[in-house]
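Here is the structure we will look at.
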Amino acid sequence: MAGLCDSFQRGISYLRISVTDRCNLRCVYCMPPEGIPLVSHDDILSFEEILLVVRASVEMGIDKIRITGGEPLVRTGVADLIHMISSVKGVKDISMTTNGTMLARYAEDLVHAGLHRINISLDTLKHDRFKQITRTGELSDTLKGIEAARKAGLNPVKINMVPMQGINDDEIVDFARMTLAAGWHVRFIELMPLNRTAEFVPSQVLRKKIEALGMLEPFHGIAGNGAARYFRLPGATGTIGFISPVSEPFCQDCNRLRLSATGMLFPCLFSDNGVDIKTPVRNNADLEAVKQLVTAAIAAKPQNHRFVAGAAEKTKMSKIGG
Ligand code: SAM
Ligand code: SF4
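All residue numbers in the sequence shown are consecutive under this note's numbering, ending with 442.
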């Protein structure tokens with residue numbers, strides 16, 4: 121295979137960058153009620169340090185960048201970072217994953233800075249339930265954020281919904297209906313067992329529920345990074361995607377690396393072992409040295425993530441360091 125490859129011959133083209141560990145919400149499946157212990161600002165990569173990792177990765181063949189968190193929009197000046205990244209020659213796609221609560225304020229700035237598309241997390245269409253799931257949020261803020269993103273020209277705007285048994289799985293058809301009524305692009309993501317919040321709902325079960333509205337037809341015309349399988353209901357302008365990391369893991373096609381806010385480069389979204397980028401960069405590592413660190417992270421990509429049934433991370437290197 122041409123381009124940047126790992127030791128299992130998978131092409132690596134996508135870098136997911138967490139710009140902060142902080143969040144204004146406390147979703148039950150993601151954070152404890154009190155939040156996570158806060159990391160000091162000094163321990164978080166600066167925009168210039170992130171840019172160095174982006175430049176090194178892009179020179180090596182990565183061309184898609186996603187900005188995420190925590191909640192990326194709580195980091196001051198994130199539009200400036202997007203502008204910096206969009207100026208790097210070779211970056212073809214810049215996207216963001218956000219809870220949408222602050223998007224009404226920032227959507228236009230993000231578009232002017234060079235953001236192409238956005239994923240907005242929304243697990244319920246009910247006000248009370250939104251408060252239960254996020255512990256602190258207001259549904260109306262995220263709904264306003266979705267409208268602002270569409271109006272600002274972000275395309276596509278995808279809605280990420282995590283179905284949980286007994287919590288919000290009675291809303292699957294309501295979300296699917298939004299692809300007909302409002303042209304939403306809805307993606308159902310299987311709950312990863314990071315804590316014992318609830319049981320996940322397999323994508324096959326979701327499909328059966330949704331087909332009460334009509335047969336799902338495969339759809340291939342939506343920009344993405346390969347993790348979702350897309351479909352459309354008859355007559356819908358929006359689409360329905362399934363991301364099935366538990367029931368049908370897509371590790372064999374995994375194309376990504378993850379940079380944490382504290383400067384660890386992880387070979388898998390769910391790896392505990394990563395390459396320390398921050399220490400060398402703060403000791404004046406240059407672009408070539410950072411490329412070596414990116415190479416080390418790619419060499420350590422496991423064959424499967426740790427939630428694949430019966431499969432511990434199989435790596436060609438057991439432990440990697442800075
Ligand atoms: N705060 C932003 C947001 O909520 O979109 C970005 C970070 S959040 C960690 C990124 C995505 O991960 C969200 O779509 C969220 O629903 C999803 N997520 C978090 N914990 C998850 C879990 N245990 N299983 C599946 N998805 C999860
Ligand atoms: Fe986690 Fe995102 Fe929810 Fe914040 S908004 S708690 S980062 S899923």
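By construction, the Cβ of each residue, glycine as well, lies at the ideal position given by its N, Cα and C atoms.
Which listed residue (Lys398, Asp261, Leu353 and Arg136) has its alpha carbon closest to that of Asp183: It is Arg136.
Sub-7 Å separation of Leu300 and Leu353 beta-carbons: With contacts defined by Cβ atoms closer than 7 Å, Leu300 and Leu353 form a contacting pair.
Whose CB is closer than 7 Å to a heavy atom of the ligand ADP? List the residues in chain order. Annotation note on the ligand ADP: not contained in the displayed structure, which lists the ligand SAM and the ligand SF4 as its ligands.
For Val306, which three-state DSSP category applies? Correct three-state label for Val306: strand.
Pick from Ala296, Ile187, Leu223 and Ser206: whose alpha carbon is nearest that of Val306? Selected option, being the one with the closest Cα: Ala296.
Helix, strand or coil at Thr262 [DSSP, three-state]: Three-state DSSP puts Thr262 in a helix.
Which residue or residues does DSSP assign as beta-bridge partners of Leu377? Residue pairing by DSSP puts Leu377 in a beta bridge opposite Leu135.
Three-way DSSP call (helix, strand, coil) for Glu368 in this model: If DSSP states are grouped into helix, strand and coil, Glu368 belongs with coil.
What's the gap between the Cα of Asp294 and the Cα of Ile360? Cα to Cα, Asp294 sits roughly 12 Å from Ile360.
Mind the definition here: the segment 260 to 277 touches the segment 316 to 332 only if three or more C-beta pairs lie below 8 Å; say whether that holds. No: the two stretches stay apart, fewer than three of their Cβ pairs being nearer than 8 Å.
CB of Thr221 within 7 Å of CB of Gly257, strictly: Yes, the Cβ-Cβ distance between Thr221 and Gly257 is below 7 Å.
Just to confirm the assignment, what range does the alpha helix (DSSP H) spanning Met298 have? Following the DSSP letters along the chain, one finds Met298 inside the alpha helix (DSSP H) bounded by residues Ile292 to Ala301.
Nearest-angstrom Cα distance between Phe308 and Val208? Near 32 Å, if we compare the C-alpha coordinates of Val208 and Phe308.
Could you check if Ile309 belongs to the surroundings of the ligand SAM, using beta carbon to heavy atom distance under 6 Å? Ile309: yes, Cβ under 6 Å from the ligand SAM.
For my contact list, Val174 and Ile185 are in at a C-beta cut-off of 8 Å; report their separation, rounded to the angstrom. Going by Cβ atoms, the distance from Val174 to Ile185 rounds to 6 Å, so yes, they are a contact pair.
Is it true that the CB of Ala381 sits closer than 7 Å to the CB of Thr140? Between Thr140 and Ala381, the CB-CB gap stays under 7 Å.
Closest to Ile397 by CA distance: which of Ala405, Arg130 and Thr196 is it? For the residues Ala405, Arg130 and Thr196, the minimum Cα distance to Ile397 belongs to Ala405.
Cβ-heavy atom distance, Asn280 to the ligand SAM, below 6 Å: Yes, Cβ of Asn280 sits closer than 6 Å to a heavy atom of the ligand SAM.
Since His236 and Ile214 should fall inside the 8 Å C-beta cutoff, what is the C-beta to C-beta distance between them, to a whole number of angstroms? Confirmed, about 5 Å.
Nearest to Thr357 by CA position, among Pro276, Glu267 and Asp392, is which residue? A check of alpha carbon separations from Thr357 across Pro276, Glu267 and Asp392 identifies Pro276 as the nearest.
Which residue marks the beginning of the alpha helix (DSSP H) containing Met284, and which one marks its end? From DSSP, Met284 is part of no alpha helix (DSSP H); its letter is neither H nor E.
So for Lys278, helix, strand or coil by DSSP? Three-state result, Lys278: strand.
Nonlocal neighbours in the same chain, by C-beta distance under 6 Å from Gly383, ignoring five residues either side: Contacts found: Leu165, Ile397 and Lys398.
Among Glu179, Lys246 and Ala227, which one has its Cα closest to the Cα of Asn239? The shortest Cα separation from Asn239 among Glu179, Lys246 and Ala227 belongs to Ala227.
With distance defined between alpha-carbon atoms, name the residue in Glu191, Pro152, Glu169 and Thr317 nearest to Asn403. From the listed residues Glu191, Pro152, Glu169 and Thr317, the smallest Cα separation to Asn403 is found for Glu169.
Where in the segment 178 to 245 do unbroken runs of the beta strand (DSSP E), each at least 3 residues long, occur, reported from the N-terminal end onward? Here the runs fully enclosed are 184 to 188, 213 to 218 and 237 to 241.
Please report how far the alpha carbon of Cys125 lies from the alpha carbon of Leu379, in whole angstroms. A direct Cα-to-Cα measurement between Cys125 and Leu379 gives close to 18 Å.
Since Pro369 and Asn424 are thought to touch, with beta carbons under 8 Å apart, how far apart are those beta carbons, to the nearest angstrom? Contact between Pro369 and Asn424 is confirmed by a C-beta separation of about 6 Å, below the 8 Å threshold.
So does Met284 have its beta carbon nearer than 6 Å to some heavy atom of the ligand SAM? Met284 Cβ: outside cutoff for every heavy atom of the ligand SAM.
Starting from Leu407 and walking both ways along the alpha helix (DSSP H), at which residues does that stretch end? First-last of the alpha helix (DSSP H) with Leu407: Leu407 to Ala419.
Thr196, buried or exposed, once every other Cβ within 10 Å from all chains shown has been counted against 16: Burial call: exposed.
With respect to 6 Å, is the separation between the Cβ of Met222 and the closest non-hydrogen atom of the ligand SAM below this value? Look at Met222: its beta carbon is at least 6 Å from all of the heavy atoms in the ligand SAM.
Less than 6 Å separating the Cβ of Leu314 from some heavy atom of the ligand SAM? Flag set: Cβ of Leu314 near the ligand SAM.
In the DSSP assignment, the beta strand (DSSP E) including Leu385 goes from what residue to what residue? For Leu385, the uninterrupted beta strand (DSSP E) segment begins and ends at Met384 to Phe386.
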